[in-house]
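Protein chains in written order, with the working numbering: chain A, 761 to 1053; chain W, 57 to 387; chain G, 893 to 1135. Every residue gets a Cβ at the ideal spot worked out from N, C-alpha and C, and that includes glycine. Beneath this line is the structure, given in structure tokens, with notes to follow.
Pasting the structure below:
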């Protein structure tokens, strides 16, 4: 039983990371109908930036703050320079462009930081704390806390502020939004910035346990996609819940189904993606999408 | 029937270049070009699928892996000579492609991209898991196996002694040329026209009595078969397969190749295949860039794709112009 | 018959001079000229495809045009919908443009986007006009009835406190009772000082509410003048009023 609870908690920690990245994917998908395949690599890049700052003697939290800021700026710049010019083009064109970004950013991080894995010291120690005979890792608890805080902050921004209202309006109906005076292009750029911030949180949280290397987030991206699909591509709440459910599910399956073990966790995530897409494309929380033929 | 065909001329020149190249290039380059031939075939397949039936695949490396492992397993465990494994690899991958084509019908473009991306990411882990078939992470070595034609030394054809590398080059490009002709014929036929009709407007095609599902599934099958043959040739060329031969990058590079070759025009496929192989050399020409490291090349791969997509409106216009000239004959 | 220029008051809020617009190959406006005075209530009539909707879209900047558009006697260059909204033009497009996935209250808040904040007084004002919206502030706009959606669209436009309100077919597909309610609201808004331009298929309704009217045919203004005069005009009666 103790082991079970431990697995659930560490599953929630991974799930928080998946959820944050899934939320980033959903934000962009809602706003523009595009799947950003580069979201994972953007997160890796953020984690590398944070690592470099720490390597230059910064303390973790200032480095983290600066990374968040730089990631936001990077997301905005990326939207303005490469996405905007073909924003009105065919959807698949933009998707392929994000594939290009995936490859380019992966190459860039390899170029700048090398392919070797780096140890990333997070803000939380890996030391266990004992609660009623169950040992939790401080790191897991910390990761869960950070993920929850960032997701809640983004949620508040979207539901409680005028800016959030504009973001939602631009995503829901861009033509209409312009008519009421919302600067839609600005909102889209902002959306990319916020997605990059969530990615940065996911990347920095993932780095201590995964070792930092250029391909670090590729598998996490697939988990995040699975989480987003599970929760419903258009549902921010669904993405977060999907991430948590997936994190716990994968941990439990990995621990208790020996045939799956650690090796087939990715395959389970793929099965979730395929299963949900084929059986219930709207996911758990999404609205059934109108199919565009 | 018709006026002199510029395309036939291009094809003839292409064949001539392919024949002459090994005589002027080093052995090393010859081997490389043999691999280009395999990529070329895979990109042809991707062109049929994505360019003409409008179904995107970010996981064509997976079909290559199926072909490569079919060849490797048959050669190493079942004593099948490498040449015969090629059609079998094509058939196996094609069969899987047909099966995969059925659920693919239900996925809109975006989700098909996602699903195939997932498959490409997961594939290496599955190959590692079923290690009693696949040799796990170690992979399967084929060099020197009795089933290898020429046993890695060389082959005598029509009284001509070919080194092993020349033989692999000749084999790959002969098959590539044949498959190019098949693709040309296929896309010029009723099949190709129906595919494009479906791609351009599903509703209109349905109204014209084209059975969309059959055609789209068939396109998946054909495309996968091409990738399977490409994989088989890849395995034969390299004489070694392992899960790490088929990372997600391979699938993505194939996509880059297809995009570089004016998406959907099989005539550009060679361009894409050449880029995959020679981009490292091109990048190496830049000052202060160390191409011994993977980063710069990868970066420029991505950059090429991004730039091409930004030029997409132009690319599309060129592509449409090309395909209009090629495929719509006056009735 | 009066010429198509020089309606009513001298203080023109909006003036179109030889405005042309096209969608790709198709020219929708062949040179429309019209004037809307401050405080006016103008109806634009015409058959399907006459260019009524495009005229509104030209004004709100959602379609590219050539020719001059003057707002407040200032010539407008490089208009965009956002900029026009800031200038005080509210456009309620055909098919009651609301944000169907957002709540009623969020829709109304968005109406006030160009204002400094959401003023409770404006909100109360809208709710007073349309009590039915007050009853369901958290309902998704897309799940409202057609009439309620039109009320919401109008309410949203009111939140912007526009100087010029553009409405495209506000009566389309609505029950007569709801239509009456909406036009009563329009009338009241107009009396409160808002200039209104309405495009209507239902010419009788529009001419009853409006002070001035223009008739469009194939992208050109063919008639214009006092609503009452137009109502009496024989060709208008035959073509648009049907008696």
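Exercise for the section: Please report how far the alpha carbon of residue 1081/G lies from the alpha carbon of residue 1051/G, in whole angstroms. Expected result: The alpha-carbon atoms of residue 1081/G and residue 1051/G are separated by roughly 12 Å.
Practice task
Examine chain G for any beta-carbon lying closer than 9 Å to the beta-carbon of residue 935/A, and answer yes or no.
Solution key: Residue contact check for residue 935/A against chain G: a CB pair falls below 9 Å.
Handout entry: Own chain partners of residue 277/W with C-beta closer than 8 Å, once the 5 adjacent residues on each side are dropped
Key = Cβ within range, chain order: 150, 151, 153, 154 and 157.
Practice task
Taking only the alpha-carbon atoms, compute the straight-line gap between residue 909/A and residue 935/A and give it to the nearest angstrom.
Solution key: Using only the alpha carbons, I get a separation of about 33 Å.
Exercise for the section: Could you work out which residues of chain G lie near residue 925/A, taking near to mean beta carbons separated by less than 9 Å? Expected result: Going along chain G in sequence order, the residues near residue 925/A (Cβ under 9 Å) are 994, 998, 1001, 1002 and 1005.
Problem - residue 776/A in three-state terms, based on DSSP - result: Helix.
Practice task
Could you work out which residue in 934/G, 1110/G, 1112/G and 1038/G is closest to residue 1097/G when comparing CA atoms only?
Solution key: Cα-wise, what sits closest to residue 1097/G is 934/G.
Problem - Under 9 Å from the C-beta of residue 950/A: neighbouring residues of chain G - result: Those do not exist, as residue 950/A stays about 15 Å from chain G at its closest Cβ, beyond 9 Å.
Problem - Proximity of residue 977/G and residue 941/A at Cβ, strictly below 9 Å - result: Result yes, Cβ atoms of residue 977/G and residue 941/A sit closer than 9 Å.
Problem - Beta carbon proximity, residue 786/A to chain G, threshold 9 Å - result: Answer no: the Cβ-Cβ gap between residue 786/A and chain G never drops below 9 Å.
Problem - Beta-carbon proximity of residue 78/W to residue 222/W, cut-off 9 Å - result: Contact: yes.
Problem - Selection of the stretch 111-127 of chain W by Cβ proximity to chain A, strictly under 8 Å - result: Contact annotation: in the stretch 111-127 of chain W, residues whose CB is within less than 8 Å of a CB in chain A are 112 and 114.
Practice task
Look at residue 24/W and residue 236/W and say whether their C-beta atoms are less than 9 Å apart.
Solution key: Past the boundaries of the shown model lies residue 24/W; chain W is included only from 57 to 387, so the question cannot be answered.
Exercise for the section: Kindly say whether residue 855/A, judged by its beta-carbon, lies nearer than 9 Å to any beta-carbon of chain W. Expected result: So yes, residue 855/A belongs to the interface.
Handout entry: residue 973/A at chain W interface by Cβ criterion, 9 Å
Key = Closer than 9 Å: no.
Practice task
Establish whether the CB of residue 972/G and some CB of chain A are separated by less than 9 Å.
Solution key: With 9 Å as the cut-off, residue 972/G counts as an interface residue toward chain A.
Handout entry: C-alpha gap between residue 788/A and residue 111/W, whole angstroms
Key = Linking residue 788/A to residue 111/W through their CA atoms gives a straight-line distance of about 22 Å.
Exercise for the section: Check each candidate in 366/W, 330/W and 305/W and name the one with the smallest Cα separation from residue 355/W. Expected result: Comparing Cα-Cα distances from residue 355/W to each of 366/W, 330/W and 305/W, the minimum goes to 305/W.
Practice task
Could you round the C-beta distance between residue 357/W and residue 120/W to whole angstroms and report it? I think they count as a contact, below 8 Å.
Solution key: In fact, because the Cβ distance is near 18 Å, the residues do not count as touching under 8 Å.
Problem - Alpha-carbon to alpha-carbon, residue 920/G and residue 1110/G - result: Straight-line Cα distance between these residues: approximately 7 Å.
Exercise for the section: Could you tell me which residues DSSP pairs with residue 907/G in its beta bridges? Expected result: Looking at the DSSP output, residue 907/G sits in a beta bridge with 927/G and 962/G.
Exercise for the section: Measure the CB-CB distance between residue 1007/A and residue 783/A and report whether it falls below 9 Å. Expected result: Cβ atoms of residue 1007/A and residue 783/A: not closer than 9 Å.
Handout entry: Span of the beta strand (DSSP E) around residue 1032/G
Key = First-last for residue 1032/G: undefined, no H or E at that position.
Handout entry: the stretch 959-978 of chain A touching the stretch 850-860 of chain A, judged by at least three CB pairs closer than 8 Å
Key = Verdict: no, contact absent.
Exercise for the section: Express the C-alpha separation of residue 220/W and residue 982/A in angstroms, rounding to a whole number. Expected result: So the two alpha carbons sit approximately 41 Å from each other.
Handout entry: chain W contact residues for residue 979/A, given Cβ-Cβ distances below 8 Å
Key = Per Cβ cutoff of 8 Å: 177.
Handout entry: Residues of the stretch 338-360 of chain W whose Cβ lies closer than 8 Å to any Cβ of chain A, in chain order
Key = Considering only beta carbons, the part of the stretch 338-360 of chain W lying closer than 8 Å to chain A consists of 349, 350, 351, 352, 353, 354, 355, 356, 357, 358, 359 and 360, in chain order.
Problem - Secondary structure of residue 983/G, DSSP reduced to three states - result: In this structure, residue 983/G counts as strand in the three-state DSSP scheme.
Exercise for the section: Using the Cα positions of residue 798/A and residue 781/A, report the straight-line distance between them to the nearest angstrom. Expected result: The alpha-carbon atoms of residue 798/A and residue 781/A are separated by roughly 11 Å.
Handout entry: Paired residues, beta bridge with residue 1057/G - DSSP
Key = In the DSSP output, where bridge partners are listed per residue, residue 1057/G has 982/G and 1088/G.
Exercise for the section: Show which residues of chain A have a CB atom less than 7 Å away from the CB atom of residue 920/G. Expected result: Neighbours of residue 920/G in chain A, taken as residues whose beta carbon is under 7 Å from its own, are absent, since the nearest beta carbon is some 17 Å off.
Exercise for the section: Could you list the residues in the stretch 154-170 of chain W with a C-beta less than 7 Å from some C-beta on chain A, going in chain order? Expected result: So the list reads 159, 162, 163, 164, 165, 166, 167, 169 and 170, given in the order they occur along the chain.
Exercise for the section: Locate the beta strand (DSSP E) running through residue 213/W, then write down its first and last residues. Expected result: Its beta strand (DSSP E) spans residues 210-213.
Problem - Beta-carbon gap between residue 879/A and residue 820/A smaller than 9 Å - result: Not closer than 9 Å, so no.
Problem - Within chain A, the residues that residue 174/W reaches when beta carbons sit closer than 9 Å - result: Within chain A, the residues near residue 174/W are 982, 985, 986, 1026, 1029, 1030, 1033 and 1034.
Exercise for the section: Could you tell me the distance, in whole angstroms, from the CA atom of residue 952/G to the CA atom of residue 1053/G? Expected result: Going by C-alpha positions, residue 952/G is about 15 Å away from residue 1053/G.
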